[in-house]
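Undergrad: Numbering (this note's numbering), first residue to last: 1 to 192.
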């Protein structure tokens with residue numbers, strides 16, 4: 001791990017926001033896991049232009065890093081903790097913003113959190129199975145009619161139709177949400 005951090009520091013120390021990643025390594029365990037994940041997945045990546053990039057003037061609307069103009073938010077969440085609770089969450093402004101401009105945003109989930117799970121059904125998952133599991137959790141969220149309506153209202157009818165190729169909530173719930181291969185709805189989910 002130390003050689004990963006050293007390589008990460010040598011490569012990115014001059015990138016804006018780098019000092020915030022270093023600061024996170026000295027804070028609580030949750031932030032340490034996130035910073036460790038970011039440093040591990042970026043150790044060989046080129047094209048990082050910023051860390052902790054604030055893309056909207058609000059506290060929680062930051063991307064962990066910008067990679068070739070794409071905003072990436074790394075998620076080092078535990079499977080049984082946060083990931084399995086997604087279906088019960090509210091639609092965050094960040095997630096709704098993603099659908100307004102999906103070319104620029106992705107969530108990268110930490111595959112090692114699956115492999116380290118004490119639950120063998122998670123620890124034995126392949127990356128493809130982990131992606132499917134995360135999509136299923138978001139599917140639970142999107143299947144709620146009130147959340148679908150909230151997304152429709154936030155995006156506006158024109159953008160909603162453009163994005164999902166349906167013009168009403170019923171078709172969204174019946175056609176778009178059940179299809180886990182729908183890249184317009186689930187394409188932001190990546191497992192690294």
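Quick reminder that beta carbons are idealized off the backbone N, C-alpha and C, glycines included.
DSSP on residue 105, reduced to helix/strand/coil?
TA: Position 105 of the chain shown, counting from 1, holds the residue named residue 105. Reduced to three states, the DSSP call for residue 105 is strand.
Undergrad: Which runs of the alpha helix (DSSP H) fall wholly inside the segment 98 to 162 and span at least 4 residues, in chain order?
TA: Qualifying alpha helix (DSSP H) stretches, in chain order: 112 to 115, 120 to 123, 127 to 142 and 145 to 155.
Undergrad: Within a Cβ cutoff of 7 angstroms, which residues of the same chain sit near residue 33, ignoring the five residues on either side of it in sequence?
TA: Reading the chain shown from its first residue, position 33 is the one you call residue 33. If we look at residue 33 and ignore the five residues flanking it on each side, its Cβ neighbours are 76.
Undergrad: What span of residues does the alpha helix (DSSP H) with residue 22 cover, start to end?
TA: What you label residue 22 is simply residue 22 of the chain shown in a count that begins at 1. Here the alpha helix (DSSP H) through residue 22 covers 18 to 25.
Undergrad: Which residue wins for smallest C-alpha separation from residue 97, given the options 17, 9 and 163?
TA: Numbered from 1 along the chain shown, position 97 holds the residue referred to as residue 97. Per the Cα distances, 163.
Undergrad: Determine the extent of the beta strand (DSSP E) in which residue 70 is found, giving its start and end residues.
TA: In the chain shown, the residue the question calls residue 70 occupies position 70. Counting along the chain, the beta strand (DSSP E) containing residue 70 begins and ends at 70 to 75.
Undergrad: For residue 167 and residue 144, what's the separation of their Cα atoms in angstroms?
TA: For this step, residue 167 is matched to residue 167 along the chain shown. For this step, residue 144 is matched to residue 144 along the chain shown. So the two alpha carbons sit approximately 17 angstroms from each other.
Undergrad: Among the residues of its own chain, which have a CB less than 6 angstroms from the CB of residue 106, if the five just before and after it don't count?
TA: For the purposes of this step, residue 106 is taken as the residue at position 106 of the chain shown. Closer than 6 angstroms at the Cβ level, and outside the excluded window around residue 106, lie 72, 188 and 190.
Undergrad: Rounded to a whole number of angstroms, what is the C-alpha to C-alpha distance between residue 131 and residue 123?
TA: If you number the chain shown from 1, residue 131 lands on position 131. If you number the chain shown from 1, residue 123 lands on position 123. Their Cα atoms are separated by approximately 13 angstroms.
Undergrad: Going by DSSP in three states, residue 183 sits in which element: helix, strand or coil?
TA: As a working note, residue 183 is residue 183 in the chain shown. In this structure, residue 183 counts as helix in the three-state DSSP scheme.
Undergrad: Would you call residue 27 buried or exposed, if buried means 16 or more other Cβ atoms sit within 10 Å of its Cβ?
TA: The residue labelled residue 27 in the question sits at position 27 within the chain shown. Per the 10 Å Cβ criterion, exposed.
Undergrad: Return yes when the Cβ of residue 35 is within less than 7 angstroms of the Cβ of residue 21, no when it is not.
TA: Locating residue 21 in the chain shown gives position 21, counting from the first residue. Locating residue 35 in the chain shown gives position 35, counting from the first residue. It is a contact, given that the beta carbons lie within the stated cut-off.
Undergrad: Closer than 8 angstroms is the cut-off here; do at least three beta carbon pairs connect the segment 114 to 123 with the segment 168 to 175?
TA: Short answer: they don't touch.
Undergrad: So, using beta-carbon positions, are residue 66 and residue 46 closer together than 7 angstroms?
TA: Within the chain shown, the letter at position 66 stands for residue 66. Within the chain shown, the letter at position 46 stands for residue 46. No, the Cβ-Cβ distance between residue 66 and residue 46 is not below 7 angstroms.
Undergrad: How many angstroms separate the CA atom of residue 63 from the CA atom of residue 175?
TA: Looking up residue 63 in the chain shown gives position 63. Looking up residue 175 in the chain shown gives position 175. Whole-angstrom Cα-Cα distance: 30 angstroms.
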